[in-house]
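**Student:** Per the working numbering, the very first residue in the sequence shown carries number 1120; after that it's consecutive.
Ideal Cβ placement from N, Cα and C applies to all residues, glycine included.
Sharing a structure with you now.
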Amino acid sequence: MSGPVALRRDILLSSADWQSRALILAELQDRGYEVMAVPGVRYAINAALKGLINPPLLIIDVYGDKSATPEEVRGLLTLFRDRPAILLTPALNQARWEPLRPHVTRYLRRPIRIGDVIDAVQALLARK
1120 MSGPVALRRD ILLSSADWQS RALILAELQD RGYEVMAVPG VRYAINAALK
1170 GLINPPLLII DVYGDKSATP EEVRGLLTLF RDRPAILLTP ALNQARWEPL
1220 RPHVTRYLRR PIRIGDVIDA VQALLARK
């Protein structure tokens, strides 16, 4: 029988858009951050509920995530309520996501530059 599994302290990156996920993941890893990347909000919630991760920061990209709803995102944020979170939203349908703005530390609307996300991560983790 093995001992308890250590919680991962990686940044949690949730993005259904594989290109965004790959680019953000690569840039963060190049800068020395450990990242757990999952292909959507439901996967992030599943990892949290299984107790697999204890992230210092969340990056939630809802673009292209058909299962992502404001309620699902709010649920994920509630699981990690004391953690800074960056929400990346699509350019269209802003009225759907705008109510989440007060619940996240950074709210970025597409189009975005990967550098903007990385800058936000560095600023938020430097404050901790």
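#1: In whole angstroms, what separates the C-alpha of Asp-1184 from that of Trp-1216?
#2: Between the C-alpha atoms of Trp-1137 and Pro-1230, what's the straight-line distance to the nearest angstrom?
#3: What does DSSP give as the partner residues of Ile-1094 in its beta bridges?
#4: Pick helix, strand or coil for Val-1154, following the three-state DSSP scheme.
#5: Between which two residues does the beta strand (DSSP E) harbouring Arg-1228 extend?
#6: Measuring only the C-alpha atoms, how far is Ala-1178 from Arg-1128?
#7: Cutting at 8 Å between CB atoms, please list the residues of its own chain near Ala-1166, excluding the five before and the five after it.
#8: My assumption, with CB atoms under 8 Å, is that Asp-1235 sits in contact with Leu-1243. Please give the rounded CB distance.
**Tutor:** Quick answer:
#1: If you number the sequence shown from 1, residue 1184 lands on position 65. If you number the sequence shown from 1, residue 1216 lands on position 97. Their backbone Cα atoms lie some 13 Å apart in a straight line.
#2: To locate residue 1137, count along the sequence shown from 1; it is residue 18. To locate residue 1230, count along the sequence shown from 1; it is residue 111. In a straight line, the C-alpha of Trp-1137 is about 16 Å away from that of Pro-1230.
#3: The question about residue 1094 has no answer, for the chain in this structure spans 1120 to 1247.
#4: Here residue 1154 refers to the residue found at position 35 when the sequence shown is read from its first residue. In the three-state scheme derived from DSSP, where H, G and I count as helix and E and B as strand, Val-1154 is classed as strand.
#5: Position 109 of the sequence shown, counted from the first residue, corresponds to residue 1228. Arg-1228 -> beta strand (DSSP E) spans 1225-1228.
#6: The residue you call residue 1178 lines up with position 59 of the sequence shown. The residue you call residue 1128 lines up with position 9 of the sequence shown. Per the sequence shown, the amino acid found at residue 1178 is Ile instead of Ala. Spanning the two alpha carbons is a distance of roughly 14 Å.
#7: For this step, residue 1166 is matched to residue 47 along the sequence shown. Excluding positions up to five away in sequence, the list reads Leu-1131, Met-1155, Val-1157, Ile-1172.
#8: Counted from its first residue, the sequence shown places residue 1235 at position 116. Counted from its first residue, the sequence shown places residue 1243 at position 124. So it is not a contact: roughly 13 Å between Cβ atoms.
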